[in-house]
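**Student:** Handing you a structure now.
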Amino acid sequence: MRRGLLIFQLNRGDILLAFLLLLFGAGLSGCGSLPTPSIAKPIPCTPQESNANIYRVASGLMALTPSTSPSNTATGMTVTLSPEQAMAFLQGTVPSGLPLNSVSPDSYSVLSILVNETKAWSDVQTILLDDSSKAQVVLTFLSPPLIKAIYDSEVSSRGLAAVSIQSVLDEIASREELIFFVTVITNTNNNASLISHNIEIPIHSMIIMNSDDLAIPPLHDDHNLGQPIHSSLEPVFGYVSYPIGMKNGSACSWILNPAYNKKIIITVPGILVDANDKGSFTWMIPYSPLFQTGVHSNSHSISLINPAVVSASVAPPSLMKDLLVTQGMEGNDFWQVYAGFLWKEVMQGIY
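Just so we're aligned, residue -9 is where the sequence shown starts under our numbering, counting upward by one.
So, in structure tokens, the structure goes:
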């Protein structure tokens, strides 16, 4: 059975939906297989600021929404904050004039939000394997808005009442970690007849660089991400997490303070392809504002989706078209397939 972030279970025909958090199973390890020297693991600590854990802040925000009775549709509240209100929450105060609404979105709206949140919290880097073979590494931050979008999509799809998103975020917050999902895809996946390349990612050296110039390696990672990846086999994916805070001398440093860190910047020192170093790679994901769900309406958002494509997707997409991948999927199509795949992986259910 595949591991996932959240699991739905139906017991003996009862309409009972229980959320269980299984982010990292027994198979997870903090070690990779590359000979590249790794940075010492961070020593986790709890920052004095009560708002450092964004999942806990988001849970508190959800608690302010009006209570609703269970129904057979997605009824998660959409809470849209201005940048000033979001910063007030992050600074530990409750802003006035919260624009709460309790409109139950239809399936199209729910999946549109899922696709746009997935794209907004992801970045893609392309690796040249040879003249015709390429790989892409997709890094996605499982932010509170993205988790809520996944939650709403699952509830809408199943047509069943679910436990509150607040309790889900509470459970995630108890981990005291920032959670990411990494997917490695190639244009030769599932094609054993083509020449296969070995891709080695030093996952244990996949570091966050924050505004205090701290280099923070993962606290936990899926062991398969650090193993040699064969480009002609199936795609590889898994979780990587970082602490909310880490020991920095005698202090406990807050890893991502949105007052200063406007982007999440994650780097690897070098990715090997058939033992040849392809150089360093950097992923950048906008980090502020944190709690504006479903409002990524800038020119890069996806306005039209095909709900059938998103709902049916259970596997990673093929490569996305960019400057190095001229024959790849168009961005709109790529993010719909990837969002559906991410949804199914995070919400480990009965499919």
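Built from N, CA and C at the ideal position, the CB exists for glycine as well.
Computed from a prediction, not measured in an experiment: that's the story for all the values here.
(1) Out of I261, I219 and V114, state which residue places its alpha-carbon closest to the alpha-carbon of N179.
(2) Using the Cα positions of L184 and S123, report the straight-line distance between them to the nearest angstrom.
(3) Tell me the residue span of the alpha helix (DSSP H) that contains S97.
(4) With 16 other CB atoms within 10 Å as the buried threshold, where does K252 fall?
(5) Enumerate in chain order the residues of its own chain whose CB-to-CB distance from D264 is below 6 Å, with the five nearest sequence positions on each side excluded.
(6) For E320, tell me which candidate among F271, S308, A329 and G330 has the shortest Cα-Cα distance.
(7) Pick out whichever of A125, D96 and S143 has its Cα sitting closest to the Cα of A105.
(8) Please say whether Y232 and I206 have beta carbons closer to each other than 8 Å?
(9) Quick one, are the C-beta atoms of C242 and P32 less than 8 Å apart?
(10) Grab the span of the alpha helix (DSSP H) containing L136 for me, first residue to last.
(11) If you count every other CB in all the chains shown that lies within 10 Å of the CB of A298, and 16 or more means buried, which is it?
(12) Can you tell me whether Q126 is buried or exposed? The criterion is at least 16 other CB atoms within 10 Å of its CB, across all chains shown.
(13) Considering only DSSP beta bridges, list what E190 is partnered with.
**Tutor:** Put simply:
(1) Residue mapping note: residue 179 aligns to position 189 of the sequence shown, counting from 1. Per the Cα distances, I219.
(2) Taking the sequence shown and counting its residues from 1, one reaches residue 184 at position 194. Taking the sequence shown and counting its residues from 1, one reaches residue 123 at position 133. Taking the straight line joining both Cα atoms gives about 10 Å.
(3) As a first step, residue 97 is located in the sequence shown; it is residue number 107 there, counting from the start. Note, S97: alpha helix (DSSP H), S97 to A110.
(4) Residue numbering aside, residue 252 sits at position 262 when the sequence shown is read from its first letter. Exposed: under 16 other Cβ atoms inside 10 Å.
(5) As a position in the sequence shown, residue 264 is number 274, starting the count at 1. Excluding residues within five positions, the ones whose Cβ falls inside 6 Å are H187 and N188.
(6) For the purposes of this step, residue 320 is taken as residue 330 along the sequence shown, with counting starting at 1. Minimum Cα distance to E320 is reached at S308.
(7) Residue mapping note: residue 105 aligns to position 115 of the sequence shown, counting from 1. The question names Ala, but residue 105 in the sequence shown is Val. The shortest Cα separation from V105 among A125, D96 and S143 belongs to S143.
(8) On the sequence shown, residue 206 is found 216 positions in, with the first residue counted as 1. On the sequence shown, residue 232 is found 242 positions in, with the first residue counted as 1. Yes, Cβ-Cβ distance for I206 and Y232 is below 8 Å.
(9) Here residue 242 is taken as the residue at index 252 of the sequence shown, counted from 1. Here residue 32 is taken as the residue at index 42 of the sequence shown, counted from 1. No.
(10) Position 146 of the sequence shown, counted from the start, is the residue given in the question as residue 136. Where L136 is concerned, the enclosing alpha helix (DSSP H) stretches over P134 to R148.
(11) On the sequence shown, residue 298 is found 308 positions in, with the first residue counted as 1. Answer is exposed; the Cβ neighbour count stays below 16.
(12) Within the sequence shown, residue 126 is the residue found at index 136, counting from 1. When all chains shown are included, Q126 counts as buried.
(13) Taking the sequence shown and counting its residues from 1, the one referred to as residue 190 is at position 200. BP columns for E190 point to L262.
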